[in-house]
Amino acid sequence: MASAMAVGLGSPSTAATGSDLADSSTVAVFQTLFENYRRLGQSVGPGVVLPALIAHTNTLRELSVHAAPRVRRELLRLGSRYAEYVGWLMQERGDDSAALWWTQRAVELAAAGGDRQLAAYAKVRHALVTLYRDEGDETVALARQARDGALPPRIRGLAVQREAQGHAINGDYDACMWCLDQARELLAAAVPDEGVPVIGSTNLSDSVGMITGWCLLDLGRPARAADVLDAQMRQVPAEAARTRARYGTRQARAHATAGDIEHACELARWVLPDVLAVSSATIAADLRELLRTLKRHPQNASVQELAPILTAALTVVTP
3 MASAMAVGLG SPSTAATGSD LADSSTVAVF QTLFENYRRL GQSVGPGVVL PALIAHTNTL
63 RELSVHAAPR VRRELLRLGS RYAEYVGWLM QERGDDSAAL WWTQRAVELA AAGGDRQLAA
123 YAKVRHALVT LYRDEGDETV ALARQARDGA LPPRIRGLAV QREAQGHAIN GDYDACMWCL
183 DQARELLAAA VPDEGVPVIG STNLSDSVGM ITGWCLLDLG RPARAADVLD AQMRQVPAEA
243 ARTRARYGTR QARAHATAGD IEHACELARW VLPDVLAVSS ATIAADLREL LRTLKRHPQN
303 ASVQELAPIL TAALTVVTP
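Using our numbering, you'd call the opening residue of the sequence shown number 3 and step up by one each time.
If you want it as structure tokens, here you go:
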């Protein structure tokens, strides 16, 4: 936490030079960099990209100080996306306090750039922290704060999708399915905000479909969850290792919980290299649950072979 604050968004450096020359081409360069870092973040651990992302966030703020009003707004809004991504990666590294701190910095940068809507999405991000703590009521409450009808459809869609996950933790099937239906309608109606990166994941062709599979497992319907996740995993891009690790681990859990132990072990072996590559605390939580489920079948030869490998992997990816 202290390290995050130490490189945070304090007073702009008076040593910065050339900031008065920032223009739209500068914004375009930093936007291209951001998209490249997001792609890189799909295949490496958070520690690889965090230093550069933090530095660029601070640079964008400094550049904005002397920029013309329009460019200043663009720089600050883009800086807010950098900060939000830093927050997410902090959570992936297992530091929830730093994740929330950086998310709040993102809100402040966005507001300074005239974007008041990111504050609502920050509630969705906060709800992801409570989701991984298995706090269903808190997840639902936070997500509902981002469902204001004046917000863009994408933010509302992501909010109601997160709410569905909270209802799933609580075992409320009907509320979960209603939210997923609403999420599908809202995300289908979303129009990209030109000039700034898309909020949320860009690696799922059908995010509601994937989250449906996720929720069905929490709702105690593992066979249905496995079927849905099997179909969705076939659509994950080859280069999206972090996405593949996250939902592939969940897919293996669904099969294991449904009693298909051999296939669960096969899926776990397939996804393990990606899990190790991206070193995610949130994915580790599902990996731990997968191992716990597999260990209920100690006489199974595949489990006997795989369990020590998964145990060793958890020592690597767990902060």
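Beta carbons: idealized from backbone N, C-alpha and C, even for Gly.
It should be emphasised that the depicted structure is a prediction, and the values quoted were computed from it without experimental measurement.
In whole angstroms, what is the alpha-carbon distance linking residue i and residue j?
| i | j | result |
| --- | --- | --- |
| GLU137 | GLU165 | 11 Å |
| VAL131 | THR61 | 28 Å |
| GLY49 | VAL318 | 14 Å |
| THR16 | VAL51 | Model confidence at THR16 stands at a pLDDT of 40, short of 50, so the residue's coordinates are unreliable; what they give is reported in the following sentence. Going from the Cα of THR16 to the Cα of VAL51 covers about 26 Å. |
| THR245 | ALA225 | 21 Å |
| SER27 | TYR87 | 22 Å |
| MET92 | ARG107 | 13 Å |
| ALA161 | ALA121 | 12 Å |
| ILE157 | GLU37 | 20 Å |
| GLY151 | ALA243 | 35 Å |
| LEU78 | THR59 | 9 Å |
| ALA148 | VAL126 | 7 Å |
| ARG271 | LEU289 | 12 Å |
| ALA114 | TRP104 | 15 Å |
| VAL273 | TYR175 | 29 Å |
| LEU144 | ILE201 | 17 Å |
| ALA101 | THR284 | 13 Å |
| TRP180 | LEU189 | 14 Å |
| HIS68 | ASP229 | 55 Å |
| ASN302 | GLU268 | 13 Å |
| ASN205 | VAL280 | 15 Å |
| GLU110 | ARG75 | 12 Å |
| ALA260 | ALA112 | 44 Å |
Could you tell me if residue i is buried or exposed, where buried requires 16 or more neighbouring beta carbons within 10 angstroms of its beta carbon?
| i | result |
| --- | --- |
| LEU296 | buried |
| LEU308 | buried |
| GLY116 | exposed |
| ILE44 | Rather than Ile, the amino acid found at residue 44 in this sequence is Gln. Its Cβ being crowded by 16 or more others within 10 Å, GLN44 is buried. |
| ALA124 | buried |
| GLY173 | exposed |
| ALA240 | exposed |
| ARG294 | exposed |
| ARG118 | exposed |
| GLY81 | buried |
| SER209 | buried |
| VAL142 | buried |
| VAL322 | Past the boundaries of the shown model lies residue 322; the chain is included only from 3 to 321, so the question cannot be answered. |
| GLU94 | buried |
| ARG223 | buried |
| GLN184 | buried |
| VAL193 | exposed |
Three-state secondary structure (DSSP) at residue i?
| i | result |
| --- | --- |
| ASN60 | helix |
| PRO239 | coil |
| SER281 | coil |
| ALA265 | At residue 265 the sequence reads His, which differs from the Ala that was named. The answer is helix: DSSP assigns HIS265 an H, G or I state. |
| ALA70 | coil |
| HIS299 | coil |
| GLN119 | coil |
| ALA258 | helix |
| VAL126 | helix |
| ASP150 | coil |
| ASP288 | helix |
| ILE311 | helix |
| THR320 | coil |
| SER46 | For the sequence presented, residue 46 should be read as Val rather than Ser. Correct three-state label for VAL46: coil. |
| THR214 | helix |
| VAL200 | coil |
So residue i is in the alpha helix (DSSP H); what residue range does that whole segment cover?
| i | result |
| --- | --- |
| GLY168 | 155-171 |
| SER26 | 26-43 |
| GLY138 | 138-146 |
| ALA108 | 98-114 |
| ARG186 | 175-191 |
| ASP195 | Looking at the DSSP string, ASP195 is not in any alpha helix (DSSP H), and its letter there is neither H nor E. |
| GLY222 | Premise fails: GLY222 is in no alpha helix (DSSP H) and is neither H nor E. |
Identify, in the order they occur along the chain, each residue of the same chain with its Cβ nearer than 6 Å to the Cβ of residue i, setting aside the five sequence neighbours on each side.
| i | result |
| --- | --- |
| ALA227 | GLY215, LEU218, LEU219 and ALA256 |
| GLU140 | THR132 |
| ILE213 | GLN163 |
| THR320 | ALA286 |
| LEU11 | Unreliable placement is indicated for LEU11, whose pLDDT of 42 sits below 50; the coordinate value is still reported in the next sentence. Only ARG63 and ARG107 meet the Cβ criterion. |
Go through its chain and collect everything with a Cβ distance to residue i's Cβ below 7 Å, but skip five positions before and after it.
| i | result |
| --- | --- |
| SER5 | For SER5, the pLDDT reaches just 43, beneath the cut-off of 50, and the residue's location in the model is therefore unreliable, leaving the point undetermined. |
| ASP98 | VAL131 |
| VAL357 | Residue 357 is absent from the model: the chain starts at 3 and stops at 321. |
| CYS178 | ALA166, HIS169, ALA170, CYS217 and LEU221 |
| MET7 | Note on MET7: pLDDT 40, under 50, position unreliable in the model; no value is reported. |
Using C-beta distances below 8 Å, list every residue in its chain close to residue i, excluding the 5 sequence neighbours before and after it, in chain order.
| i | result |
| --- | --- |
| TYR249 | MET212, GLY215, TRP216, LEU231, GLN234, MET235 and VAL238 |
| PRO199 | GLN33, PHE36, GLU37, ARG40, LEU80 and ARG83 |
| LEU292 | THR251, ALA254, ARG255, ALA258, ALA266, ALA270 and LEU312 |
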